[in-house]
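Asker:
2 protein chains.
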Amino acid sequence: MRSERGQRDTPRRRDLIEIATDLISEIGYEQATVRMIADRMGIKSGSLYSHISSKEDVLYKIILDVAGDFLERADRATEGVHDPEERLRALCRSHLEMIRDRRPAVRVYFDEWRKLGDANQAEVIRLRERYEDGFRLAIADGIETKAFDADPQLGARVLLSTLNWAPSWYVADGKLSPREVADQLLEVILRGLYTRG
Amino acid sequence: MRSERGQRDTPRRRDLIEIATDLISEIGYEQATVRMIADRMGIKSGSLYSHISSKEDVLYKIILDVAGDFLERADRATEGVHDPEERLRALCRSHLEMIRDRRPAVRVYFDEWRKLGDANQAEVIRLRERYEDGFRLAIADGIETKAFDADPQLGARVLLSTLNWAPSWYVADGKLSPREVADQLLEVILRGLYTRG
DNA sequence: CCTACCGATCGGTAGG
DNA sequence: CCTACCGATCGGTAGG
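Keeping their order, the protein sequence lines are chains A and B.
In this text, residue positions in the first sequence follow the numbering used here: the first is 1, and each later residue adds one.
In this text, residue positions in the second sequence follow the numbering used here: the first is 1001, and each later residue adds one.
(1) So is Asp-1150/B in contact with chain A if we call contact Cβ pairs under 7 Å?
(2) Just how far apart, CA to CA, sit Val-106/A and Ile-43/A?
(3) Within the continuous alpha helix (DSSP H) that includes Thr-162/A, where are the two ends?
(4) Answer with yes or no whether the minimum CB distance from Trp-1165/B to chain A is below 7 Å.
(5) Anything in chain A within Cβ reach of Leu-1185/B, meaning under 9 Å, just list it in chain order.
(6) Mind checking the segment 169 to 180 of chain A against chain B and listing, in chain order, the residues whose C-beta falls within less than 8 Å of any C-beta there?
(7) Tell me the rounded alpha-carbon separation between Arg-1196/B and Arg-1035/B.
(8) Output yes or no for whether 7 Å exceeds the beta carbon distance between Leu-96/A and Ala-156/A.
(9) Give every residue of the same chain whose Cβ lies closer than 6 Å to the Cβ of Ala-1020/B, excluding the five residues on either side of it in the sequence, and list them in chain order.
(10) Distance cutoff 7 Å, beta carbons only. Does Glu-1030/B sit that close to anything in chain A?
(11) What residue from Leu-64/A, Glu-30/A, Leu-190/A has the CA that sits closest to Ile-143/A's CA?
(12) For the putative contact between Lys-1115/B and Tyr-1049/B, defined by C-beta atoms under 8 Å, what is the C-beta separation to the nearest angstrom?
(13) Does Val-1066/B pass the burial test, meaning 16 or more other C-beta atoms within 10 Å, or should it be called exposed?
(14) Identify the contact partners of Ser-1161/B in chain A, using a Cβ-Cβ distance below 7 Å as the criterion.
(15) Would you be able to state if there are at least three C-beta pairs under 8 Å between the segment 79 to 94 of chain A and the segment 126 to 143 of chain A?
(16) Any heavy atom of the ligand FAD closer than 6 Å to the Cβ of Leu-71/A?
(17) Going by beta carbon distance, what residues of the same chain come within less than 7 Å of Arg-1100/B, once the five residues before and after it are set aside?
(18) In the DSSP output, which residue or residues are listed as bridge partners for Phe-1135/B?
(19) Please classify Ile-1125/B: is it buried, with 16 or more other beta-carbons within 10 angstroms of its beta-carbon, or exposed?
(20) Can you pull the chain A residues whose beta carbon is under 7 Å from the beta carbon of Arg-1087/B, in chain order?
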């Protein structure tokens, strides 16, 4: 039993999280050992534990933070936007902006959330459900007030699948902005949701 | 250096692969130890190595087999089908049938292919590219001969993302057959690809 | 933040 | 297919 500072948010702890995020996104959670993280920080592995309480705590912190950021940005992007189609557009843009801005953390989130313990995993799932509900609600809304015609579950499934898979195909290389990609994507998907003719 | 039978296809080796597939799909590749696999076979861990040459060989065998099955089934399903829309329909059905018939192996394929060594990984990527090209070609074909209007890359991206994400949402619970789900999915996506009106 | 270490467990091998 | 091990490495701790 040592100092309990492992839980507080210090600059050095933030360094650690950032370094761990990059490393885990590169080689995976199990392959990323505490010794490698310590090496990149220029300290010994035992010294890590004055900043963290366990390896899983690092993973949890990374994932919780990025899942929360997805939600916050989505809330901010849709604030005051009431048209369902415009809400979807804002949500898609925000999602792609997250991938552009925080790619390594987003990869860790999508690739490694299953490795969390049951309790932590449940909390992460809760956050993801809340996030995805924003999309589902906008689509359901569009079916009521606009000319959307598809099964709302099906439409949400197509859109969310494409976005969840986006880290595999969206490279923010400067050629296409999140805005442009989101608009192109929605052009196809929304057209599919509208009643024909 | 012992017997080289580890590479041949014996009934006992098939047992091993099947048991490993289930275990890895349940808890992940690193968490699935050779001792657990041996336990489920009712033998000691050292004895595994008369059937296999390494743990990665097991993973490679699983993934190569399922990736090949995706391709074979796709070829069979589209044999003699020339209409692009019908080809897409056949490909989607075939894909969902794979998930229904071989869910654990499919999960291992999608979740764990990154853990293969570079050479094995390259071979798997080659197979996946060939598989996805079938979809891309059908969509490009549809743009030439039918009324598809979208960017072919974008259309393929939406369709393939939805299918690649399908292990997360498609539960073959008997309520909806692969055929029905594929048709519903394509109704939305194809409508999105057609020129409006 | 370091030294020095722990118990556990890993994939894999030798020799039968 | 088993016994009996191996060297390596893991996450984590005690005590300073």
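All C-beta atoms, glycine included, are put in the ideal place defined by N, C-alpha and C.
Answerer: Let me spell this out:
(1) Stepping through the second sequence from its first residue, residue 1150/B is reached at position 150. The question names Asp, yet the displayed sequence has Ala at residue 1150/B. For Ala-1150/B, the answer is yes, since a Cβ of chain A falls inside 7 Å of its Cβ.
(2) Residue 106/A sits at position 106 when you count from the first residue of the first sequence. Residue 43/A sits at position 43 when you count from the first residue of the first sequence. Cα-Cα distance, rounded: 27 Å.
(3) Here residue 162/A corresponds to residue number 162 of the first sequence, with the count starting at 1. Where Thr-162/A is concerned, the enclosing alpha helix (DSSP H) stretches over 152 to 164.
(4) Taking the second sequence and counting its residues from 1, the one referred to as residue 1165/B is at position 165. Yes, Trp-1165/B lies at the interface with chain A (some Cβ there is under 7 Å from its Cβ).
(5) By 1-based counting over the second sequence, the position of residue 1185/B is 185. Chain A residues near Leu-1185/B: Leu-154, Arg-157, Val-158.
(6) Trp-169
(7) Here residue 1196/B is taken as the residue at index 196 of the second sequence, counted from 1. Here residue 1035/B is taken as the residue at index 35 of the second sequence, counted from 1. The predicted position of Arg-1196/B is uncertain, since its pLDDT is 46 and thus under 50; no value can be drawn from it.
(8) Taking the first sequence and counting its residues from 1, the one referred to as residue 96/A is at position 96. Taking the first sequence and counting its residues from 1, the one referred to as residue 156/A is at position 156. When the beta-carbon positions are compared, Leu-96/A and Ala-156/A stay at least 7 Å from each other.
(9) Start at 1 with the first residue of the second sequence, and residue 1020/B comes out as number 20. Closer than 6 Å at the Cβ level, and outside the excluded window around Ala-1020/B, lie Ile-1037, Val-1058.
(10) Taking the first residue of the second sequence as position 1, residue 1030/B is located at position 30. Closer than 7 Å to some Cβ of chain A, the Cβ of Glu-1030/B qualifies, so yes.
(11) The residue given as residue 143/A occupies position 143 in the first sequence. Comparing alpha-carbon positions, the option among Leu-64/A, Glu-30/A, Leu-190/A lying closest to Ile-143/A turns out to be Leu-190/A.
(12) In the second sequence, the residue the question calls residue 1115/B occupies position 115. In the second sequence, the residue the question calls residue 1049/B occupies position 49. Their Cβ separation, rounded to whole angstroms, is 20 Å, which puts Lys-1115/B and Tyr-1049/B out of contact at 8 Å.
(13) Indexing the second sequence from 1 puts residue 1066/B at position 66. The residue is buried, with at least 16 neighbouring Cβ atoms inside 10 Å.
(14) As a first step, residue 1161/B is located in the second sequence; it is residue number 161 there, counting from the start. Those are Ser-161, Thr-162, Trp-165, listed as they occur along chain A.
(15) yes
(16) Absence of the ligand FAD is noted for the structure shown, with no ligands found whatsoever.
(17) Residue mapping note: residue 1100/B aligns to position 100 of the second sequence, counting from 1. Once the five neighbours on either side are set aside, the close Cβ partners of Arg-1100/B are Ala-1172, Pro-1178.
(18) For the purposes of this step, residue 1135/B is taken as residue 135 along the second sequence, with counting starting at 1. The partner list for Phe-1135/B (beta bridge, DSSP) is empty, contrary to what the question assumes.
(19) If you number the second sequence from 1, residue 1125/B lands on position 125. That one is exposed.
(20) Looking up residue 1087/B in the second sequence gives position 87. None at all; the shortest Cβ gap to chain A is about 19 Å.
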